[in-house]
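Notes for the one structure printed next.
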Amino acid sequence: MLEIIWFILWTLLWAVYFVLDGFDLGIGSLMPFLAGNEEQKRLMYNAAGPFWDGNEVWLISAGGITFAAFPKVYAVMFSALYAPLLLLLFCLILRATSYEFRSKVESAAWRKSWDCVHFIVNILACVVLGVFFANLFMGIPVDANGVYQGNLLKLFNVYGIAGGIFFTLIFMMHGAIWLTIKTRGPLQAKAFLAAGMLWVGVAAMLIIFLILTLFYTNIYSNYLRMPWLVALPLLAVFGLACIPRLLNENRPLMAWLSSALFIVCTTFFGVMGIYPNMIISSIDPKGTITAFNGCSTPMTLEIMLIVALVMVPIVLLYQFWMYRLFYKPVSVEDLNSDHAY
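Residue numbers (the working numbering): 2 to 342.
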């Protein structure tokens, strides 16, 4: 039972990370397309400014839980998939430096250089996350000893690339909706149009990804065995379908929450589809690691669960307070603050 609980918590932490850091990554990926001048660039930076570093905590939490609750999964994942995870780490490091260093020098060339870095690392992080999880759903070539029998390029297969495109479009849509909440004027109008166009792309890519999932994975087998799981994709589609109507009704916060519902349910759709597997070997069934043969001892899982039940609500309350505190849209006057990016 503890293994199942921690499998669900592990999935939930990844889903929360995608929801929260997803809009940061999406805003950075949209920068060249929406920001027409320096003022709009700074508005986009500051729309994510108070949140991006706190949102990354959920990635650290997901990695920490993998290490503590599923050490064998952690060992194989961070060795077999070392290259994409290291690439993701570099992207996040450079994203942090782009936020902090961009305004340190009064030079247009300096700022433009960091803007380029910011765009590249954000969109690359989106792609890497999509490729990473698509390959987890499909299976990776690891042997019985957990040794990866491939290279980085093998991950960029048809299904992996589809996952990368799918994640990128989702995060860009999510970020565009966030900009409709946090900005006003011309930038908000452009974000509104971008959210609508990206919604079409996400809907189209969802259909393509679901079709490819049928041919490249065994995800649907769990849904045939446990029909109640169908609620997950139905909720995901419901969340996605609500977004255009809520945007047109000028309810951007509800549209963003609908996008968050779509992301959470899509994440659970994929991960619950491979349950109880966590790392699927595509070359040797003995290399497959599940929530049961890759977990820690029952005592470790029990102690961790007690800690999680105490600490996670505290973190959630803190983040709720932070989002409430900085909910006010970013204005041009806010850019004159010493704390502005």
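From the three backbone atoms N, C-alpha and C, an ideal C-beta is built for every residue, glycine too. The structure presented is a predicted model; accordingly, all values stated were derived computationally and were not measured.
- Assigned with DSSP and collapsed to three states, S99 falls in helix.
- Within the DSSP secondary-structure output, V143 pairs in a beta bridge with Y149.
- In the three-state reduction of the DSSP assignment, I94 falls in the helix class, which pools H, G and I.
- No Cβ-Cβ contact shorter than 8 Å links I178 with W53.
- Linking I281 to L225 through their CA atoms gives a straight-line distance of about 19 Å.
- Per DSSP, the beta-bridge partners of I290 are I280.
- Straight across, the Cα-Cα distance linking A341 with D22 is about 19 Å.
- Look at Y328 here: in three-state DSSP terms it is coil, with no helix or strand label.
- Using a Cβ distance threshold of 8 Å, L213 and F270 do not count as a contacting pair.
- Taking F293 as reference, the option from Y276, L248, L306, A190 with the minimal CA-CA separation is Y276.
- Bounds of any alpha helix (DSSP H) do not take in L336, whose DSSP letter is neither H nor E.
- Counting along the chain, P253 sits inside the alpha helix (DSSP H) bounded by residues 253 to 275.
- Judged by DSSP in its simplified three-state form, E250 adopts coil rather than helix or strand.
- W15 counts as buried, since no fewer than 16 other beta carbons sit within 10 angstroms of its beta carbon.
- Distance from the Cα of L60 is smallest, within the candidate group T12, M139, A36, A195, for T12.
- Following the DSSP letters along the chain, one finds Y221 inside the alpha helix (DSSP H) bounded by residues 220 to 226.
- Nearest neighbour of L125 by Cα position, chosen from V238, L235, I28, Y75, turns out to be I28.
- Contact between the stretch 164 to 175 and the stretch 310 to 318 is not established, with fewer than three Cβ pairs separated by less than 8 Å.
- When the Cα atoms are used, S99 and M279 turn out to be separated by approximately 34 Å.
- Burial check for F216: the Cβ neighbour count within 10 Å stays below 16, so the residue is exposed.
- Distance from the Cα of Y149 is smallest, within the candidate group S80, A69, L336, for S80.
- Counting the other Cβ atoms within 10 Å of the Cβ of I307 gives fewer than 16, which makes it exposed.
- When C-beta atoms of the stretch 227 to 246 are compared with those of the stretch 102 to 122, fewer than three pairs fall below 8 Å, so the two segments do not count as touching.
- Sixteen is the threshold: since fewer than 16 other Cβ atoms of the shown chains lie within 10 Å of the Cβ of P228, the residue is exposed.
- Contact check between the stretch 34 to 49 and the stretch 68 to 76: fewer than three CB pairs, one atom from each, fall below 8 Å, which does not count as touching.
- With respect to the 8 Å criterion, E39 and V333 are not classified as neighbours on the basis of their beta carbons.
- Ranked by Cα distance from T291, the options G147, L86, V128 are led by G147.
- Distance between V129 and L89, taken at the CA atoms: about 7 Å.
- Here the stretch 108 to 122 makes no contact with the stretch 248 to 257; the two share fewer than three CB pairs at distances below 8 Å.
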